[in-house]
Amino acid sequence: IIPIFDLIREAYLEDSQTKPSDLAKQIAELFNENLTVTVVKRIRMEVGLHKGNLRYGHSVRLQNRAPRYSFCRLHFDMGTMFTSHCFTDESMVQSGVKRRYVYILKRDNSRRVKPRFKHPPSVRSSTSLSFLPLSLQLMIWGGISWEGATPIVILRRGTKVDGGVYQTMLHKVYRPWAKKKYGGEVTLVQDNARCHVSESTRSYMANEEIETMEWPAESPDLNPVEMAWAHMKQWLQSNDKGASLTSLEEGIREWWSTKLTKDHCRKLILRMQKQMKKVVEAKGGPVYD
1 IIPIFDLIRE AYLEDSQTKP SDLAKQIAEL FNENLTVTVV KRIRMEVGLH
51 KGNLRYGHSV RLQNRAPRYS FCRLHFDMGT MFTSHCFTDE SMVQSGVKRR
101 YVYILKRDNS RRVKPRFKHP PSVRSSTSLS FLPLSLQLMI WGGISWEGAT
151 PIVILRRGTK VDGGVYQTML HKVYRPWAKK KYGGEVTLVQ DNARCHVSES
201 TRSYMANEEI ETMEWPAESP DLNPVEMAWA HMKQWLQSND KGASLTSLEE
251 GIREWWSTKL TKDHCRKLIL RMQKQMKKVV EAKGGPVYD
């Protein structure tokens with residue numbers, strides 16, 4: 001019995017998404033014991049494995065770790081509070097996608113995270129909504145600052161966020177907001193997606209005198225707006241705001257206007273101090289909560 005228990009435990013430590021049916025077959029071959037899937041699941045629980053939601057976390061290539069470390073070391077030592085910065089990004093919001101689960105030991109939360117790159121080399125210069133069929137999905141853009149959130153931009157399926165679309169959002173949404181909240185004296189924080197850093201976008205920003213911050217590549221763990229997206233998506237799921245595109249959009253606008261308060265934004269931005277310290281301790285590696 002003990003070898004079977006050990007096999008099941010080690011299988012999940014190796015692959016937290018191991019299928020019980022596969023383990024039952026392996027046990028039959030190795031030990032000539034015919035266990036049902038139900039029995040395998042019961043043993044899984046008895047050896048201390050707990051069910052958790054699978055999360056996707058970013059990976060950081062080796063060449064990007066030193067710049068991340070330097071950025072965090074500099075701003076952590078300087079005590080930068082980012083009170084005159086606006087943290088922005090796009091995000092895909094979708095419903096109709098089943099949750100995936102992992103089985104891990106208690107408090108081993110790092111194994112809930114499946115690494116992936118934020119912007120793989122093969123990604124095109126624009127972001128499209130034309131994938132993930134059979135689910136309701138919307139692309140959104142927005143930002144948070146010490147003085148509160150920007151207006152939210154919601155894009156329909158099929159829209160490609162290329163340099164032109166991005167510049168239009170900045171011109172129609174970001175610039176008026178920045179002038180109203182900061183008198184234009186605010187620094188735009190964005191990641192290194194191609195539509196953000198293309199030659200035409202850089203030229204537009206220079207002409208419009210939009211100040212930006214040099215941001216280390218593959219660093220969504222440092223951008224507090226990513227945590228805002230996570231909080232919003234949890235709220236949408238908990239409140240069943242995804243039966244249709246209309247209800248999904250209404251839910252996004254409701255959360256953005258009523259839940260993402262100035263105080264909420266400030267708490268997320270203050271969290272950067274902890275995140276930068278963690279990145280320094282990880283020598284520029286990724287940080288997972």
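Going by full-length UniProt numbering, the residue at position 127 of the sequence shown is 127; the numbering climbs one at a time, nothing skipped. For each residue, glycine too, the CB sits at the ideal point set by N, CA and C.
Span of the alpha helix (DSSP H), counted from its first residue to its last, around residue i
i	result
H231	P224 to S238
I27	P20 to F31
V40	V37 to E46
I152	Element bounds for I152: n/a, residue is neither H nor E.
R271	First-last for R271: undefined, no H or E at that position.
K179	R175 to Y182
According to DSSP, residues forming a beta bridge with residue i
i	result
T187	H85
S95	L136
E249	Answer is none; E249 lacks a bridge partner.
E90	W141
For residue i, three-class secondary structure by DSSP
i	result
S145	strand
E211	coil
V102	strand
G52	strand
residue 291	Outside the displayed range of the chain (1 to 289) lies residue 291, so it cannot be described from this structure.
E199	helix
L254	At residue 254 the sequence reads Glu, which differs from the Leu that was named. Three-state DSSP puts E254 in a helix.
E10	helix
E281	helix
P3	helix
S125	Only weak support is given to the placement of S125: the predicted model assigns it a pLDDT of 44, under 50, and the value that follows is read from those uncertain coordinates. Residue state, collapsed to three classes: coil.
T261	coil
S70	helix
D77	helix
Q167	helix
Q63	helix
K241	coil
R156	coil
A193	coil
Y204	helix
F131	Bear in mind that the predicted position of F131 carries a pLDDT of just 40, short of 50, making it unreliable; the figure below should be weighed with that in mind. In the structure shown, F131 sits in coil (DSSP, three-state: anything other than H, G, I, E or B).
Whole-number beta carbon distance between residue j and residue i, since they are thought to touch under 8 Å
i	j	result
L260	A228	6 Å
H85	P220	16 Å between Cβ atoms; not a contact.
V102	S16	4 Å
Subject >> Any 3 or more C-beta pairs closer than 8 Å across the stretch 181-197 and the stretch 37-55 >> reply: Judged by Cβ distances under 8 Å, the stretch 181-197 makes no contact with the stretch 37-55, as fewer than three pairs qualify.
Original post:
Is there contact between the stretch 253-263 and the stretch 18-34, where contact requires at least three CB pairs shorter than 8 Å?
Top reply: Note that the stretch 253-263 does not touch the stretch 18-34; fewer than 3 beta-carbon pairs, one per stretch, sit closer than 8 Å.
**OP:** Could you say if the stretch 265-276 and the stretch 64-78 meet the contact criterion of at least three C-beta pairs nearer than 8 Å?
**Re:** The stretch 265-276 vs the stretch 64-78: in contact.
**OP:** Check whether the stretch 142-154 touches the stretch 80-95, taking contact to mean three or more Cβ pairs, one atom from each stretch, closer than 8 Å.
**Re:** In short, these stretches touch, since the Cβ pair count reaches three.
Subject >> Validate contact between the stretch 158-173 and the stretch 189-208 using beta carbons, cut 8 Å, 3 pairs >> reply: The stretch 158-173 is in contact with the stretch 189-208.
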